[in-house]
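A short worksheet on the structure shown next.
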Amino acid sequence: MFRIQTKNKISPLGLDLFPKDKYEIADDFPNPDAILVRSADLNNMEIPSSLQAIARAGAGYNNIPVQRCSESGIAVFNTPGANANAVKELTLAALLLSSRDIVGGINWTSSVADKDNVADLVEKEKSKFTGPELRGKTLGVVGLGAIGVMVANDAIALGMNVAGYDPYISVEAAWHLSSDVVRADTLESLLSKSDYISLHLPLSDATKNLLNAEKFKIMKKDARVLNFARNALVNDRDITEALTVGNLGAYVTDFPTPELLKCKKVICIPHLGASTPEAEDNCAVMAVKQLMNYLEFGTVRNSVNFPRCRLEQRFQYRLLVVNRNIPNMVGQITTNLASANINIEDLINHHCDDYGFNIIDTSQPIPEAVIDQIRKVSGIIRVQVIGK
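Okay, so the sequence shown: first residue is 48 according to my numbering, each after it adds one.
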């Protein structure tokens, strides 16, 4: 029986996928096999030795101690693309909010609610809230993953010109990207030509403060910036200064901070990117399926620390080995099996950065003594057996 610990409220659409005869689900277990989480911060959590995997029902994983998990042989999964449509729709709304002073107009109409001559006031004051149309303007999309591709394609449908920048675009994403999206060779060239810039990339040491005072000098005077990816991609101090002196037109983000909230040209939305029932359902379903496939078959997909790895699900005995990515690891594992006269029926080995993952199928049970020998090999992090 697998024990699944939930750290947040998870959509029943996902939890109901767990067969009740094979899985126990609770918000507290002394020795869970896996954890399902959304926003709960696990960085200071003591990792139980029983833990095999953590699945984040969402794309970001800053709330998970990925490095510690890797060193303990624990797979960490996320759900890229599951909330893409929800974030895309909010981004499209932000395009309009940044362009036409809709928020300012709404706030003004609320302020005259007690006036008798509202119609006359509207005609007199409406010119204060004018703004340009999107059609014919250029949108620069930085980051062409699942969300960025959807934003780019829908902006094309709105009649915008779209430029995209992503030096690491995947083949799968490229297949879905409209041929009308122009490729920008550099970030700087995209920023200099865009009327609107939308960010859709992860936060890392390389992308922190990606948009700063230096970059704002490159942009058009009235450029609008949209950020529904990660707060630290944009330097708060630099963008509020650029907005205050009139070098930028607007900034729309769903990462409010005290500094941003004080700036009139910033539209702060609470963190609503994935706050739709459909997105929560999609993320839960995807996370649960990934956990089940890993716990039952060793299949790795959408892991942020392990390589993608899969063998046919039909097997008698299956050995899963997590190791450091150093020479002769596979040879040492197979030598230990051969010494015990255990025949290998199938094997796959993939690596990702510092770690390797192996799935090895045998027709014979693997004695505990052999498993212990493999565990003692220098560079082996975790060994476990699934199957009969």
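We treat Cβ as the ideally placed atom computed from N, Cα and C, and that holds for glycine.
- Around the beta carbon of residue 174, fewer than 16 other beta carbons lie within 10 angstroms, which makes this residue exposed.
- Residue burial is scored here from C-beta neighbours: residue 86 has fewer than 16 other C-beta atoms within 10 angstroms and is therefore classed as exposed.
- Taking 8 Å as the cut-off, the Cβ atoms of residue 100 and residue 125 do not count as close.
- Bounds of the alpha helix (DSSP H) holding residue 341 are 324-344.
- Taking a 10 Å sphere around the C-beta of residue 232, we find fewer than 16 other C-beta atoms and assign the residue as exposed.
- Note on residue 169: under 16 other CB atoms within 10 angstroms of its CB, so exposed under the neighbour-count rule.
- Contact annotation, residue 417 with residue 383: C-beta distance approximately 6 Å; criterion of less than 8 Å satisfied.
- About 12 Å separates the CB atoms of residue 241 and residue 199; that is not less than 8 Å, and the two are not in contact.
- DSSP, reduced to helix, strand and coil, places residue 116 within a helical segment of the structure shown.
- Here residue 248 is near residue 190, since their CB atoms are less than 8 Å apart.
- With a threshold of 16 other beta carbon atoms within 10 Å, residue 329 meets it and is buried.
- Counting only runs of at least 3 residues, the region 225-277 fully encloses the following beta strand (DSSP E) elements, listed from N- to C-terminal order: 243-246, 271-274.
- The region 248-263 and the region 275-288 touch, with three or more beta-carbon pairs separated by less than 8 Å.
- Excluding sequence positions up to five before and after residue 318, its CB lies within less than 6 Å of the CB of 301, all in the same chain and listed in chain order.
- Cβ-Cβ distances below 8 Å link residue 155 to 172, 175, 176 in the same chain, with the five nearest sequence neighbours on each side left out; the list follows chain order.
- Counting every other CB atom within 10 Å of its CB across the protein chains shown gives residue 215 a total below 16, marking it as exposed.
- In this structure, DSSP gives residue 367 an extended state, which the three-state scheme calls strand.
- About 6 Å separates the beta carbons of residue 421 and residue 427, which is inside the 8 Å limit, making them a contact pair.
- In the three-state reduction of the DSSP assignment, residue 398 falls in the strand class.
- For residue 84, same chain residues with a beta-carbon under 8 Å away, outside a window of 5 residues either side, are 53, 54, 55, 101, 102, 103, 104, 110, 111 in chain order.
- Per DSSP, the beta bridge partners of residue 298 are 272, 313.
- Taking 8 Å as the cut-off, the beta carbon of residue 362 is found closer than this to the beta carbon of residue 408.
- Beta-bridge partners of residue 103 (DSSP): 84.
- Secondary structure at residue 177: coil, using DSSP grouped into helix, strand and coil.
- Under the 8 Å Cβ criterion, the region 126-139 counts as touching the region 303-323, having at least three qualifying pairs.
- Under the three-pair Cβ rule at 8 Å, the region 334-343 counts as touching the region 61-70.
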